Amino acid sequence: MIRELRKTDLDSVAELWLDTNRKAHAFIPAQYWQGHLAMVKEMLPQAEVYVYEEAKEIQGFIGLSGEYIEGIFVSGKVQSRGIGKLLLDHAKGLKGSLRLSVYQKNARAVRFYQREGFEIHCEGLDESTGEKEYAMTWRRK
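Residue numbering for the sequence shown follows my numbering, beginning at -13 and increasing consecutively.
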């Protein structure tokens, strides 16, 4: 079930954010993510966040700022089961277009977004990590 974030979800969602980022971005030191955890916990209640919950456990979430996808995060133990696609489809149902940035080295995520209709708009550099990234966009047809 997909639903809006509740205050009681903050700790588990923040931990999922941290764990998923560490695993998906092994090319960035884990301390970088740990150092941003407190800020993420503060920002989550202010963002548009939808969680995927099953058996009273949050297994994934998507964060939006307007039409910008801040990220899709799915627990490692349930990845590749369609949860990320469900969350993305939910966002597509709410918005006429979406955009995001994704690290070029995160090839799995790049392939996922391309498969879901996103196109690479341009290349850039994330100044906080020094990593190259793609700006990707999707528009409802």
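The beta-carbon is built from N, C-alpha and C at its ideal position, and this holds for glycine as well. Because the structure is a prediction, the values reported are computed rather than measured.
Through-space distance from residue j to residue i, alpha-carbon basis
i	j	result
E28	R(-11)	20 Å
R67	A0	21 Å
K118	V96	12 Å
Q90	E109	9 Å
D(-5)	K81	24 Å
F59	E113	22 Å
A121	S51	15 Å
E43	D5	15 Å
E39	K63	14 Å
Y18	R(-8)	26 Å
Cutoff 7 Å; reference residue i; Cβ partners in own chain excluding five residues on either side
i	result
D75	none
S83	E53, T123, W124, R125, R126
DSSP beta-bridge partners of residue i
i	result
I69	Its beta-bridge partners do not exist; DSSP assigns none.
L50	E34, I55
R(-11)	V37
Residue i Cβ short of 7 Å to the ligand SAM heavy atom set
i	result
Q90	The ligand SAM is not part of the structure shown, which contains no ligands of any sort.
Residue i: first and last residue of the uninterrupted beta strand (DSSP E) it sits in
i	result
D112	105 to 112
M122	117 to 125
L(-4)	Looking at the DSSP string, L(-4) is not in any beta strand (DSSP E); the run it does join, the alpha helix (DSSP H), is -4 to 10.
V88	83 to 89
Cβ shell of residue i (< 6 Å), same chain only, five flanking positions each side left out
i	result
I106	Y120, M122
G49	A33, V35, E56, G57
Same chain only: Cβ atoms within 8 Å of residue i, ignoring 5 sequence neighbours per side
i	result
R85	E53, Y54, I55, H107, A121, M122, T123, W124
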